[in-house]
Amino acid sequence: MEILLVSGHTQRTFEELMAMVREEEVDVLLVEDNANDAEFALRALRKASVSPRVMHVEDGARALDYLFGEGEFSARSPQARPSVVLLDLKLPKVDGIEVLRRLKEDARTRDIPVVVLTSSKEPRDIEACYLNRANSYVVKPVNFEAFTRAMGDLARYWIEINQAPVARPAAR
Amino acid sequence: MSGSDRAARAAADPVAEVEALARTLGHDLRAPFRATEGYASLLEETDGAGLSPEGRRALAEIRAAAGRGTRLLEGLSAYLRVRRAELHPGPVDMYALACEAADELERLGRTGATRIDVAPLPGAWGDGALLRRVWDELLANAVKFSVRAERPIVRVGLKKGPRGPIYVVEDNGTGFDMRFVEKLFGVFQRLHHPSEFAGCGLPWEFDGAGVGLAIARTVVERHGGRIEAESGPDAGARFSFELPAAGAGAALP
Numbered sequence: 001m002e003i004l005l006v007s008g009h010t011q012r013t014f015e016e017l018m019a020m021v022r023e024e025e026v027d028v029l030l031v032e033d034n035a036n037d038a039e040f041a042l043r044a045l046r047k048a049s050v051s052p053r054v055m056h057v058e059d060g061a062r063a064l065d066y067l068f069g070e071g072e073f074s075a076r077s078p079q080a081r082p083s084v085v086l087l088d089l090k091l092p093k094v095d096g097i098e099v100l101r102r103l104k105e106d107a108r109t110r111d112i113p114v115v116v117l118t119s120s121k122e123p124r125d126i127e128a129c130y131l132n133r134a135n136s137y138v139v140k141p142v143n144f145e146a147f148t149r150a151m152g153d154l155a156r157y158w159i160e161i162n163q164a165p166v167a168r169p170a171a172r
Numbered sequence: 001m002s003g004s005d006r007a008a009r010a011a012a013d014p015v016a017e018v019e020a021l022a023r024t025l026g027h028d029l030r031a032p033f034r035a036t037e038g039y040a041s042l043l044e045e046t047d048g049a050g051l052s053p054e055g056r057r058a059l060a061e062i063r064a065a066a067g068r069g070t071r072l073l074e075g076l077s078a079y080l081r082v083r084r085a086e087l088h089p090g091p092v093d094m095y096a097l098a099c100e101a102a103d104e105l106e107r108l109g110r111t112g113a114t115r116i117d118v119a120p121l122p123g124a125w126g127d128g129a130l131l132r133r134v135w136d137e138l139l140a141n142a143v144k145f146s147v148r149a150e151r152p153i154v155r156v157g158l159k160k161g162p163r164g165p166i167y168v169v170e171d172n173g174t175g176f177d178m179r180f181v182e183k184l185f186g187v188f189q190r191l192h193h194p195s196e197f198a199g200c201g202l203p204w205e206f207d208g209a210g211v212g213l214a215i216a217r218t219v220v221e222r223h224g225g226r227i228e229a230e231s232g233p234d235a236g237a238r239f240s241f242e243l244p245a246a247g248a249g250a251a252l253p
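So the protein sequences, as listed, match chains V and P.
1 is the number of the first residue of the first sequence in the working numbering; add one for each residue after it.
1 is the number of the first residue of the second sequence in the working numbering; add one for each residue after it.
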């Protein structure tokens, strides 16, 4: 089993990591398949004044498993919901729109804010996301500094300014 | 058009296929450019102080080149979007659109010393959002090329043509050589070297993608209209476009 990368933590035993995954409160779930973009996003989030705890997954299937507490994340507590999901659209296995659709259709996860974070400015993508109840649609700034600033702004807004939904026990 | 008709049409339409490929490529190339710029920034941040001046300059060039690459892709994407956008025609207040476009340029700090005068204009029939792009591009272009004039001014006005009103954007800037007028509206074509605009003190770069006029022409032609440009070197430039009246048989493809 892969050791999961959880931002801000260094050497841990496997058991400690699994305990963290089970109970860990995570502020941001970053769903991004591109390794460079993920690195930039994680760096930018780490620099943000709100110091968010970030979980990163590289594909749509793992994102769903994480949020539903299934598959490799079946030990996860459903109470540990992120304050926001940053979701890229072009993802391997299960693509972004499908992840969005599944999250918003399921009563357990539909109230978790989802911010689509993508390079695409295509009107059809924007429309599809809002139709599937995305909470926000952000086009990744092309300039590196603008990108870093935007990630900081996003973190600040969704963690500090926005009121996250109250955690509920699992209900179908 | 049914789904299967649409699919058949797409298969038989090589232009649409090439555009779809260009769109995908444009999207996929963004990530490597972002990565290039990002890691160069990172390197500057982590090790910049220890680099030689040559090294720091090389880093700056890497970032600048990545930025140019990105802008080219952005330009290409914007052009492709306008080529294939759905048109939603209706009555359009052209005077309001031109004023909004001018105000936005000013607000973004992109006009410098240039004054933009908009005379009253008649309305038109067409897609307001796309026609706004025509104003954006023609005004930005006029401002850019008038920057070296003593008193740079861009005038938006009206001419009466045989088929109806002709909208005119005129500047008193550098102008262009009429021998190259055909290239003017081409994608990524540029008739002036970026160094001609160096040091003019405007806060935005002149190294634009070179698609603005191509976008303006595409929108006008998709409305069934025409656009023309006239100039002489150092004699300013005048861009004129006309649009068919409502229901005047515009194909709106």
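We treat Cβ as the ideally placed atom computed from N, Cα and C, and that holds for glycine.
The beta carbon of P:R63 lies closer than 6 Å to those of E37 and A40 in the same chain, with the five residues before and after it left out.
Within the stretch 109 to 121 of chain V, S119, S120 and K121 place their CB atoms closer than 9 Å to a CB of chain P, listed in sequence order. With a minimum length of 3 residues, the unbroken runs of beta strand (DSSP E) contained wholly in the stretch 34 to 109 of chain P fall at 90 to 92. For the stretch 71 to 84 of chain P, residues whose beta-carbon sits nearer than 9 Å to a beta-carbon of chain V comprise R71, L73, E74, S77, A78 and R81. Around the Cβ of P:G225, a 10 Å sphere holds 16 or more other Cβ atoms; the residue is buried. Only residues of its own chain outside the window of five on either side were considered, and among them L97, A98 and A101 have a CB closer than 6 Å to the CB of P:W135, listed in chain order.
Contact check between the stretch 117 to 126 of chain P and the stretch 63 to 83 of chain P: fewer than three CB pairs, one atom from each, fall below 8 Å, which does not count as touching. Taken in chain order, the unbroken stretches of alpha helix (DSSP H) that lie wholly in the stretch 120 to 193 of chain P and span 4 residues or more are 128 to 145 and 181 to 184. By the neighbour-count definition (other C-beta atoms within 10 Å, threshold 16), P:H88 is an exposed residue. Rounded to whole angstroms, the separation of the alpha carbons of P:E54 and P:E182 is 41 Å.
The distance from the Cβ of V:G96 to that of V:L103 is about 11 Å, inconsistent with a contact at the 8 Å cut-off.
In summary, V:P52 is buried, with 16 or more beta-carbon neighbours lying within 10 Å of its beta-carbon over all protein chains present. Taking every protein chain shown into account, the CB of P:L21 has fewer than 16 other CB atoms within 10 angstroms, so this residue is exposed.
Apart from sequence neighbours up to five positions away, the residues of its chain that approach P:E230 with a beta-carbon distance below 6 Å are R238, ordered along the chain. C-alpha of V:S77 to C-alpha of V:V116: approximately 24 Å in a straight line. Looking from the CA of P:T24, the closest CA among P:E74, P:L184 and P:A35 belongs to P:E74.
For P:D117, the enclosing beta strand (DSSP E) begins and ends at R115 to V118. Identification of residues in the stretch 13 to 42 of chain P having a C-beta nearer than 7 Å to some C-beta of chain V yields H27, R30, A31, R34, A35, E37, G38 and S41, given in sequence order. Between V:K121 and V:V139, the alpha-carbon positions lie close to 7 Å from each other.
Contacts with chain P at 8 Å (Cβ-Cβ) do not include V:F68. Listed in chain order, the non-local C-beta contacts of P:L29 below 7 Å within the same chain comprise L73, local neighbours out to five positions each way being set aside. Annotated as distal: P:R133 and P:I227, with beta-carbon spacing of 8 Å or more.
Assignment of V:V115 by DSSP, reduced to helix, strand and coil, places it in the strand class. DSSP links P:H27 through a beta bridge to no other residue. For P:P233, same chain residues with a beta-carbon under 8 Å away, outside a window of 5 residues either side, are T174, G175, F176 and D177 in chain order. DSSP places V:E32 outside any beta strand (DSSP E), giving it a letter other than H or E.
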